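Just so we're aligned: 1464 in the numbering used here is position 398 of the sequence shown, and the numbers increase by one with no gaps anywhere.
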Amino acid sequence: MNKDYIRIFLTAAMLSIGAINYSPDFAAASAIHDTAAAGDTAAMNSMCAADEKCLMERDSVGNTPLHHAALKGQIKAVKYLIMKKAAVNAKNMHGLTPMHMAAMSENKAARMEVVEFLAANGAKIDEPSKYEATPLCVAACAGNLEIMEFLIGAGAGLNSKSIGQSTILLEVVEAQHCADKYGAMKLLLEKGADPNIGDVNGFTPLQRAVTGLGTKEIDLLIDMKAAVNRANNDGLSPLAWAVYKKNAALVEHLVERGAVINAVLKGRFSRRTVVHDAAASKNTEIMKYLISKGADLKAIDNDCRTPLFYAAREGDLDMVKLMVENGASASVVNIRGDLPLSEAVAAGDAGTVEYLAGAGPRTAESSLLNAAIDSKKIELVRMCADMVADIDKAAPNGDLPILKAIRSNNIEFVNFLLERGARVEGVESFGVTPLHCASKAGDESICVRIASLMKDIEPKDPEWKTPLIWAVNENRAANVKFLLSKGAAVEVIDRDGNTTLHHAANKCRKETIDILIAAGARVDDKNAKGETPLIRAARAKNTDLAKAMLAKGARIDEADKKGNTALHYAAWCNHREMIDLLTAVGANLKAVNLEGKVPQIKPPEDFGPARDNMFDRAIKKAAEIGIE
1067 MNKDYIRIFL TAAMLSIGAI NYSPDFAAAS AIHDTAAAGD TAAMNSMCAA
1117 DEKCLMERDS VGNTPLHHAA LKGQIKAVKY LIMKKAAVNA KNMHGLTPMH
1167 MAAMSENKAA RMEVVEFLAA NGAKIDEPSK YEATPLCVAA CAGNLEIMEF
1217 LIGAGAGLNS KSIGQSTILL EVVEAQHCAD KYGAMKLLLE KGADPNIGDV
1267 NGFTPLQRAV TGLGTKEIDL LIDMKAAVNR ANNDGLSPLA WAVYKKNAAL
1317 VEHLVERGAV INAVLKGRFS RRTVVHDAAA SKNTEIMKYL ISKGADLKAI
1367 DNDCRTPLFY AAREGDLDMV KLMVENGASA SVVNIRGDLP LSEAVAAGDA
1417 GTVEYLAGAG PRTAESSLLN AAIDSKKIEL VRMCADMVAD IDKAAPNGDL
1467 PILKAIRSNN IEFVNFLLER GARVEGVESF GVTPLHCASK AGDESICVRI
1517 ASLMKDIEPK DPEWKTPLIW AVNENRAANV KFLLSKGAAV EVIDRDGNTT
1567 LHHAANKCRK ETIDILIAAG ARVDDKNAKG ETPLIRAARA KNTDLAKAML
1617 AKGARIDEAD KKGNTALHYA AWCNHREMID LLTAVGANLK AVNLEGKVPQ
1667 IKPPEDFGPA RDNMFDRAIK KAAEIGIE
């Protein structure tokens, strides 16, 4: 993660008091601040004579006149303010002291004298700001080398850390507006700054330098013993960063400086080599170079994938060819038993699929065909079907190609597999049959096609749910109507005693509900919890189902095994429309459950005259569902 904490607050601080294009308006400064920044001691003296407290006055970001004078390098004003007992270590809202301001000053002629004078008069040279930046960090990020020399000589900590655990050296590497970045880096390193201290995410100065600086700065760090093979917490080494940036020249340079090509990079969630990263880079120039230097094309990551898997996943045919021609095997499998070919299929690249199919084994697991179905490309489905020895065999994860095709809601895939001999009768995966999956499909033709091939249209899954229940749960009105027309029982119940109307509470709208009722679904059947469809409707906030149940004479005050009525649940959900609907037909407001509680109906939030009262709303709801 690229951290800009120090640069952000320093820039804000400098802008706030006008270090860049100075204007008193930046920080709502008063006259004393403007005068201090201008170095007009005579005017300051006159103001002080009128009100000596003005010398301690702060602007809108907490800067004192001494902050302004120090930033502008106004040595006479600084001396005057110190003589007048100005607080030499006063902090603004960013925690910056006058010493911080002097350290970042752009007044080359006077800033050194200001720093020395402040130090001689009690200014702390190593005081951290709100974000843990010391004056040395500020001076280094600004590229003020002479001030850095002075502060280091006075004992400032070279390896102090700012927010995010960044060292001064790391902050300089990342600084966007450093006047002399190379000089600041060189000075810090020569004075003993450690080049291998990482931040909270494990980023070292060298890793950051690789992402944004040139070989001059990179060589400086390596010459000063920066670890060229050290990775951050995500397993990215300097060489990995160069590959990620697709910088072939830098890759070669780092290898020449000692970067190990086949080193195992261990991150928080992964283990791989730079060769894996290069395979995914879509840069064959880098891969050719790494191969010439002995890249291990057989290295595996934490999922037992070789670099070829990475190239295949990108659908990079040129990279795949390069690697296979140099010894990469297309026959290896990962931890799930998949081939590199599976990655190419998932990428949806027909050219790469065709090439790997010719370079690898002639047969493959069903997972390959499943990946082709996921690609949504029929040409890949056809290619992979030719490679799968048994089209009815489940993949290692238990998924069957025919079920995958049905769930894809693609009738073309379904018909193709059926034409290739895929079975549906007697086929299941974890108790789920093709007709269960087809009943959920949005394309009715899939349900019709699968049902036509099955003798039993009411198989039950492990929860005793039939395809009809699955269709109801997904609010597939067309499939519900079709299954009922083929003889599916509307009174079917699952393992928990739920009927089709109980399941209708989940998603069903009026059309599906009307189909079930017309087929004879009973409105007052209870499930294992004693809930009626009306109670389930209240719990699910399904007013369509509740209206249908009430219109068919559902018992309004029927209670479940806990004694709760539909009104209890509507009240607990604070569902105003459901409450109005139930009270409109006379739901018992005083019904007591087993805990002795009546429905706790909350009053409307708005008691104004423009809002209908509950009685008016109840009359309206009763009229809507045809109840007098």
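Every residue gets a Cβ at the ideal spot worked out from N, C-alpha and C, and that includes glycine. These figures come from a predicted structure and were not determined experimentally.
Applying the criterion that 16 or more other CB atoms from any shown protein chain within 10 Å of the CB defines a buried residue, is residue i buried or exposed?
i, result
"I1327", "buried"
"T1532", "buried"
"V1266", "exposed"
"D1117", "exposed"
"T1418", "buried"
"E1661", "exposed"
"Y1146", "buried"
"E1283", "buried"
"Q1041", "No statement about residue 1041 is possible, as the shown extent of the chain runs from 1067 to 1694 and does not include it."
"I1401", "exposed"
"M1149", "exposed"
"A1115", "exposed"
Can you list, in chain order, the residues of its chain whose CB lies under 8 Å from that of residue i, leaving out five sequence neighbours each side?
i, result
"A1292", "P1261, N1262, T1270, P1271, L1272"
"R1334", "N1299, D1300, G1301"
"R1515", "I1477, V1480, N1481, L1484, A1504"
By alpha-carbon positions, which one of the options ends up nearest to residue i?
i, options, result
"A1314", "L1202, G1662, A1377, K1348", "K1348"
"A1189", "S1195, V1181, S1171", "V1181"
"G1209", "I1288, A1241, S1195, T1233", "A1241"
"A1625", "N1400, L1600, S1397, R1274", "L1600"
"Y1605", "I1583, Y1248, E1643, K1145", "Before going on, a small fix: residue 1605 reads as Arg here, not Tyr. If we check each option's Cα against that of R1605, E1643 comes out closest."
"E1540", "K1459, T1578, N1392", "T1578"
"V1703", "A1220, E1212, F1216, I1234", "Absent from the structure is residue 1703, since the part of the chain shown begins at 1067 and ends at 1694."
"D1509", "C1120, K1526, K1312, F1548", "F1548"
"G1278", "K1311, R1323, A1657, V1330", "K1311"
"N1173", "A1554, A1103, S1195, M1122", "A1103"
"D1458", "N1475, T1499, E1445, A1425", "T1499"
"S1046", "Y1421, A1412, E1420", "A query on residue 1046 cannot be resolved here, the shown segment of the chain reaching from 1067 to 1694 and no further."
Short of 7 Å in beta carbon distance, which residues of its chain neighbour residue i, apart from the five on each side in sequence? Order them along the chain.
i, result
"K1257", "I1218, L1224"
"A1308", "V1276, L1316, V1317, L1320"
"G1393", "L1363"
"K1227", "E1198, T1233"
"D1369", "N1400, I1401"
"I1366", "T1372"
"A1684", "In this predicted model, A1684 has a pLDDT of only 48, less than 50, meaning its place in the structure is not dependable; the value taken from the coordinates is given anyway. Cβ neighbours of A1684 beyond the five flanking positions: D1646, T1649, A1650."
What is the rounded straight-line gap between the Cα of residue i and the Cα of residue j?
i, j, result
"V1480", "R1486", "10 Å"
"A1085", "H1133", "Summary for A1085: the model assigns pLDDT 37, below 50, so the residue's position carries little reliability; its value from the coordinates is reported in the next sentence. Answer to the nearest angstrom: the Cα atoms are 11 Å apart."
"D1456", "L1435", "11 Å"
"A1206", "T1200", "10 Å"
"A1259", "A1438", "55 Å"
"E1431", "A1410", "15 Å"
"I1288", "S1303", "14 Å"
"I1191", "L1162", "12 Å"
"E1380", "L1469", "27 Å"
"I1229", "Y1197", "5 Å"
"L1550", "L1534", "8 Å"
"A1460", "I1523", "22 Å"
"T1649", "K1627", "22 Å"
"G1403", "P1462", "8 Å"
"G1426", "M1453", "11 Å"
"A1185", "M1165", "8 Å"
"N1087", "T1281", "In this prediction, N1087 has a pLDDT of 33, which is less than 50 and means its spatial position is unreliable; nothing more can be read from the coordinates."
"V1398", "N1475", "32 Å"
"T1130", "A1108", "18 Å"
"V1658", "V1546", "38 Å"
"A1325", "A1377", "22 Å"
Can you tell me which residues form a DSSP beta bridge with residue i?
i, result
"K1443", "Paired residues: none, contrary to the question."
"L1466", "Paired residues: none, contrary to the question."
"T1233", "K1227"
"K1009", "No statement about residue 1009 is possible, as the shown extent of the chain runs from 1067 to 1694 and does not include it."
"S1495", "V1498"
"L1331", "R1338"
"V1556", "V1556 is not bridged to any residue."
"A1103", "The partner list for A1103 (beta bridge, DSSP) is empty, contrary to what the question assumes."
"A1606", "According to DSSP, which records beta bridges pairwise, A1606 is partnered with nothing at all."
"A1430", "V1454"
Output needed for residue i: all residues of its chain with C-beta closer than 6 Å, excluding positions within five of it in sequence on either side, in chain order.
i, result
"R1602", "H1568, A1571"
"D1384", "T1350"
"K1592", "T1598"
"V1558", "T1532"
Within 8 Å (strictly less), CB to CB, does residue i reach chain B?
i, result
"K1119", "Considering every chain present, this structure includes no chain B. It has just one protein chain."
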